[in-house]
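What follows is a single structure, written as structure tokens, with notes after it.
Residue numbers (the UniProt record's numbering): 1 to 755.
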């Protein structure tokens, strides 16, 4: 990873969030100070637009010209935020407070007054509804101010009002006050020409005054009668749907199809591998996985095919010409850190939400069909979406059991995974791949950070959006899926009966696919198309071990969290950013990393939790547009959904890759429970049926993150071999029963496995 790029992200995140908390250095606090309370300056909410002292989110930082955020600072985090048409929908909101100098001793906020329904007013200005403390949000205090923590996601493309009241007090028992500038600008009688001689600033201050005097009467209706507003603002959340509407329009115009279909025997024969037939068992033997052939085909031995799908690609594609030299010398290249642009090469924005296609990509499609006569209309289809560090052919673990129930399976690789990895010098080893090195020698350089590039947050978001676009193209292609195969036979898939089956990241992306599909608006009249007129429609979805808030999931995952932590701690920007809080200058702490690595690592570990919270909060706002949290609420109420999660039982650990919840880390909307709550699912502990379709989740007390596909025991994670196998059997049984019934039934057969 390019350290310079990562450094700009880290530095920007620290500045943006004011990364301070309980680990802040106390050496400069006068522990012996005993001044009288009356002599100590007041604590006030930080607000002075003339000096750039503004807490985010606020519409004061959205340009009236472009409709985009406009923070006048440099660095990837700012450039990324400045490409958005609104703020995040679920990150904690930090409101800064100016405390007295440390010479007066340590002054902080009174916890009881902060964690109180009267402290903060949140109002949905678009919906005309006050949000409820303890239901929609909570408030916590820190050494730098107040943190408003959403318990429910804000609606995309929506306006909200924030009001802080003087019900909040500091640790000296004094009411928190408004800043001088806030008092002036929230007063309709203030003449802004007396505040500055600069006419441009006068106009800006007049706009701020108009905003505050406009929203404060609204907020005053909802504050406690004995309190006063001491800070207020309005913020607009980013729209996520408009870009994807344009993507779907481009896909429909292209009318994709699955072409050049070949049998597994033909496809592997072209690579010099001879198969006796095209059944799954022969395919597995041919690719060196014969050991699992028997278990994968115990109920059915389906036929395997490969086809091609042409799909629009909105990112730059790394090649030897545009990436080879840079990758070798810097560890990255511009093509690897590209992001979506508007059709006029500008930023995607209210004036132009149509992304520019950079190329057409020829994607390999993996297909599994039951070995038998297709029903009228073709085989029902499960569209499989693999997880991060994986690849499409992992579907073989469930393809046979799906086929036994008369269900075909199709899959493509996500960007920078599997067959879509980048081999710059044609030596058979991918220089750029997210697929794990355990998948074979070709993936020796595999790293999750190739897809989830911490130094290019817009790229992370757009890798998620590109994945969604690719899968929507595949879904649309299934409407044209009666395909002639070499030799004259036909491959018959039913484009009217398609379900989605996601695993891990595949479920995160799958949620965005579903939300996009259900919001497809062909005529741009504000009314989504009915199912029968929707080329992207899914009958049902099974989302196994997925989650919401991808940045929080990555940052706090027991599997990926250490990778993220290691990458961040290696950056000079991290060391410089936390140095002063640890009693060092930036130069001293950077030097300590090489002169005394053990001491550096110990101190860095102290600083990291609060730094990580700031980094995740900033990063999440950027990736929101491609995140499951933004799209879960757009899935139709009549679209059946099943979510599975592994919660463990004390001996068998909970999911080690996607956390069940990130609440303990300060992000209550993240993790698998975040997805479950966003989808409004109910728990199913026994077999259940509904003629109108189910929206349910199941908790597995045994198993592991990959249990849908992998029945093996995992030392230190699963309870034992028998329960690991039972978890896979049960999870597949649930998934297949749900898909076969189009989401109207779920078979729960083993109460020893499911809570």
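Idealized CB from N, CA, C, for every residue including glycine.
DSSP bridge partner residues for residue i (one or two, in chain order)
{"i": "residue 349", "result": "352"}
{"i": "residue 140", "result": "147"}
{"i": "residue 231", "result": "164"}
{"i": "residue 360", "result": "312"}
{"i": "residue 87", "result": "237"}
{"i": "residue 170", "result": "109"}
{"i": "residue 44", "result": "98, 177"}
{"i": "residue 123", "result": "130, 161"}
{"i": "residue 259", "result": "308"}
{"i": "residue 279", "result": "303"}
{"i": "residue 770", "result": "It is not possible to answer for residue 770, since the shown part of the chain is limited to 1 through 755."}
{"i": "residue 409", "result": "368, 382"}
{"i": "residue 745", "result": "689"}
Residue i - DSSP class collapsed to helix/strand/coil
{"i": "residue 695", "result": "strand"}
{"i": "residue 135", "result": "coil"}
{"i": "residue 213", "result": "helix"}
{"i": "residue 647", "result": "coil"}
{"i": "residue 367", "result": "strand"}
{"i": "residue 82", "result": "coil"}
{"i": "residue 430", "result": "coil"}
{"i": "residue 154", "result": "coil"}
{"i": "residue 608", "result": "helix"}
{"i": "residue 583", "result": "coil"}
{"i": "residue 484", "result": "strand"}
{"i": "residue 755", "result": "coil"}
{"i": "residue 458", "result": "helix"}
{"i": "residue 531", "result": "helix"}
{"i": "residue 391", "result": "coil"}
{"i": "residue 73", "result": "coil"}
{"i": "residue 17", "result": "Low confidence applies here, because residue 17 scores a pLDDT of 47, under 50, leaving its location unreliable; read the following figure in that light. Looking at residue 17 - three-state DSSP - the assignment turns out to be helix."}
{"i": "residue 208", "result": "helix"}
{"i": "residue 615", "result": "helix"}
{"i": "residue 637", "result": "coil"}
{"i": "residue 22", "result": "For residue 22, the predicted model reports a pLDDT of 42, less than 50, meaning its position is unreliable; a value from the coordinates is still stated below. Correct three-state label for residue 22: coil."}
{"i": "residue 424", "result": "coil"}
{"i": "residue 703", "result": "coil"}
{"i": "residue 273", "result": "coil"}
{"i": "residue 490", "result": "strand"}
{"i": "residue 761", "result": "Residue numbering for the chain in the displayed model covers 1 to 755; residue 761 lies beyond these limits and cannot be assessed."}
Sub-9 Å separation of residue i and residue j beta-carbons
{"i": "residue 575", "j": "residue 562", "result": "no"}
{"i": "residue 624", "j": "residue 90", "result": "yes"}
{"i": "residue 43", "j": "residue 98", "result": "yes"}
{"i": "residue 281", "j": "residue 374", "result": "no"}
{"i": "residue 639", "j": "residue 743", "result": "yes"}
{"i": "residue 749", "j": "residue 687", "result": "yes"}
{"i": "residue 433", "j": "residue 442", "result": "yes"}
{"i": "residue 148", "j": "residue 122", "result": "yes"}
{"i": "residue 690", "j": "residue 745", "result": "yes"}
{"i": "residue 444", "j": "residue 429", "result": "yes"}
{"i": "residue 337", "j": "residue 459", "result": "yes"}
Option in the options with minimal Cα separation from residue i
{"i": "residue 41", "options": "177, 187, 89", "result": "177"}
{"i": "residue 352", "options": "242, 414, 274, 273", "result": "242"}
{"i": "residue 95", "options": "642, 142, 60", "result": "142"}
{"i": "residue 496", "options": "385, 477, 506", "result": "477"}
{"i": "residue 202", "options": "49, 285, 340", "result": "49"}
{"i": "residue 646", "options": "567, 727, 501, 209", "result": "727"}
{"i": "residue 367", "options": "302, 310, 313", "result": "302"}
{"i": "residue 401", "options": "371, 422, 385, 376", "result": "371"}
{"i": "residue 756", "options": "699, 716, 721, 720", "result": "The chain is shown from 1 up to 755; residue 756 falls before or after that span and cannot be answered."}
{"i": "residue 665", "options": "166, 456, 611, 333", "result": "611"}
{"i": "residue 545", "options": "705, 259, 180", "result": "705"}
{"i": "residue 572", "options": "593, 152, 560, 288", "result": "593"}
{"i": "residue 289", "options": "394, 536, 135", "result": "394"}
{"i": "residue 581", "options": "560, 608, 35, 564", "result": "608"}
{"i": "residue 190", "options": "207, 550, 175", "result": "207"}
Supposed contact pair residue j and residue i - C-beta distance, whole angstroms, cut 8 Å
{"i": "residue 739", "j": "residue 411", "result": "Their Cβ separation, rounded to whole angstroms, is 14 Å, which puts residue 739 and residue 411 out of contact at 8 Å."}
{"i": "residue 779", "j": "residue 362", "result": "The structure shown has nothing for residue 779, since the chain only spans 1 to 755."}
{"i": "residue 557", "j": "residue 657", "result": "6 Å"}
{"i": "residue 258", "j": "residue 378", "result": "With 8 Å as the limit, residue 258 and residue 378 do not qualify as a contact, their Cβ atoms being about 12 Å apart."}
{"i": "residue 756", "j": "residue 293", "result": "Past the edges of the chain, shown from 1 to 755, lies residue 756, and the structure says nothing about it."}
Any non-hydrogen atom of the ligand ATP within 8 Å of residue i CB
{"i": "residue 338", "result": "Absence of the ligand ATP from the depicted structure is noted, as is the absence of any ligand whatsoever, leaving it without description."}
Beta carbon proximity, residue i to chain C, threshold 9 Å
{"i": "residue 179", "result": "Considering every chain present, this structure includes no chain C. It has just one protein chain."}
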